[in-house]
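**Q**
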Amino acid sequence: MSVSGKGLWAFPENIKRDGTRIYDAADYTDELVSYTRSGREQIEAACGGPPWGSKGEYAEQMQKNLGEAEEKLYMLLDYVAVAQRQAADGTLQSGDRLGGTEDLNNDISGNIMPGSGGRR
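All letters in the sequence shown, in the order written, are residues -6 to 113 by this note's numbering.
Here it is as structure tokens:
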């Protein structure tokens, strides 16, 4: 959408095209989470547990701080992916509605009788 010297205008086809690209961002977010989780699992498998160990105060503190932070980060990224998909859905719906409005306006403008009066 843009405001030019001629008024407000939008290209519904472009809005819908760009809306589908938002799904790509959500898919990338999911891939990022999957990739980092997989890497983390490989490290734990190689170390026989968390890389900082599982016994002692140091291991407990690391698990408490990093382990919880990591899970919260994954949860946040999951929310981001959901929000991206919702934004894509909304963008596609907006494109459809703008296209429908444009079609209706074209239909209505073709039925206006010149010189039929109106408010004066």
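Beta carbons are placed, not taken as given, at the ideal position from N, Cα and C, and that holds for glycine.
Round the Cβ separation of isoleucine 8 and leucine 91 to the nearest angstrom and send it over; I've been treating them as touching at under 8 Å.
**A** Correct: roughly 6 Å between the Cβ atoms.
**Q** With 16 as the cutoff for other CB atoms within 10 Å, does threonine 22 come out buried or exposed?
**A** Classification for threonine 22: buried.
**Q** To the nearest angstrom, report how far apart aspartate 71 and aspartate 82 are at their CA atoms.
**A** So the two alpha carbons sit approximately 17 Å from each other.
**Q** What are the boundary residues of the alpha helix (DSSP H) that proline 5 is part of?
**A** First-last of the alpha helix (DSSP H) with proline 5: 5 to 40.
**Q** Taking the beta carbon of alanine 38 as the centre, do at least 16 other beta carbons fall within 10 Å, making it buried, or is it exposed?
**A** It is exposed - the Cβ of alanine 38 has fewer than 16 other Cβ atoms within 10 Å.
**Q** Counting only the same chain and skipping the five closest in sequence on each side, list residues whose C-beta sits under 6 Å from that of alanine 52.
**A** Within the same chain, alanine 52 has close Cβ partners Trp45 and Gly46.
**Q** Tell whether a beta-carbon distance below 9 Å holds between threonine 94 and tyrosine 67.
**A** Contact: no.
**Q** Who are the Cβ neighbours of glycine 88 in its own chain at under 7 Å, not counting the five residues just before and after it?
**A** Correct list, in chain order: Pro5, Ile8, Lys9 and Gly12.
**Q** Using the Cβ count rule (16 or more neighbours within 10 Å means buried), how would you classify glutamine 77?
**A** The residue in question, glutamine 77, is buried, as its Cβ has 16 or more Cβ neighbours within 10 Å.
**Q** Have a look at Cys40, Gln56, Leu59 and Val73 and flag the residue whose alpha-carbon is nearest the alpha-carbon of valine 24.
**A** The question names valine, but residue 24 in the sequence shown is glutamate. The residue with the shortest Cα to Cα distance from glutamate 24 is Val73.
**Q** Does the Cβ-Cβ distance between proline 43 and glutamine 56 come in under 9 Å?
**A** In this structure, glutamine 56 lies closer than 9 Å to proline 43 by Cβ.
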